[in-house]
Amino acid sequence: MATKIALAGNPNCGKTTMFNSLTGATQYVGNWPGVTVEKKEGKVKGAKELVVTDLPGVYSLSPYTNEEVVSRDYLCSEEPSSVINIVDSTNLERNLYLT
Numbered sequence: 020m021a022t023k024i025a026l027a028g029n030p031n032c033g034k035t036t037m038f039n040s041l042t043g044a045t046q047y048v049g050n051w052p053g054v055t056v057e058k059k060e061g062k063v064k065g066a067k068e069l070v071v072t073d074l075p076g077v078y079s080l081s082p083y084t085n086e087e088v089v090s091r092d093y094l095c096s097e098e099p100s101s102v103i104n105i106v107d108s109t110n111l112e113r114n115l116y117l118t
């Protein structure tokens with residue numbers, strides 16, 4: 020069984036860039052919130068048993084948008100092995116609220 024790693028964090032903090040780097044994928048990256056609106060899964064390059072999931076951006080686990088529902092439902096019901104909270108270092112207080 021593969022180890023599942025979820026990439027979570029606020030909108031526009033670098034989750035998809037990290038996902039592309041880990042998987043070799045070329046998912047669209049933009050410098051505005053709302054680019055990722057559904058979860059994306061990919062295998063980590065060079066690792067047979069690691070699957071990483073790029074989740075839409077969220078500020079908390081209390082969803083207000085459909086994208087936030089996707090992230091909340093995945094984190095609460097899919098039970099990933101690990102969750103990596105990607106943060107924007109220019110606004111740590113807001114980004115670490117999710118942690």
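Following this note's numbering, the numbering of the sequence shown begins with 20 at its first residue and continues without gaps. C-beta atoms are modelled at their ideal positions from N, C-alpha and C, and glycine is treated no differently.
Residue i, buried or exposed, once every other Cβ within 10 Å from all chains shown has been counted against 16
| i | result |
| --- | --- |
| residue 112 | exposed |
| residue 95 | exposed |
| residue 77 | buried |
| residue 26 | buried |
| residue 93 | buried |
| residue 97 | exposed |
| residue 81 | exposed |
Contact check, residue i vs residue j, beta carbons under 7 Å
| i | j | result |
| --- | --- | --- |
| residue 22 | residue 69 | yes |
| residue 114 | residue 29 | yes |
Closest Cα partner of residue i within the set the options
| i | options | result |
| --- | --- | --- |
| residue 67 | 41, 94 and 114 | 41 |
| residue 39 | 30, 64, 28 and 29 | 64 |
| residue 20 | 118, 117, 99 and 116 | 99 |
Cα-Cα separation, residue i to residue j
| i | j | result |
| --- | --- | --- |
| residue 57 | residue 31 | 14 Å |
| residue 62 | residue 84 | 28 Å |
| residue 79 | residue 24 | 19 Å |
| residue 108 | residue 102 | 18 Å |
| residue 60 | residue 106 | 20 Å |
| residue 89 | residue 110 | 24 Å |
| residue 117 | residue 87 | 12 Å |
### Task
Spell out a yes or no on whether the region 71 to 88 and the region 28 to 48 are touching, meaning 3 or more CB-CB pairs, one atom from each, closer than 8 Å.
Yes, the region 71 to 88 is in contact with the region 28 to 48.
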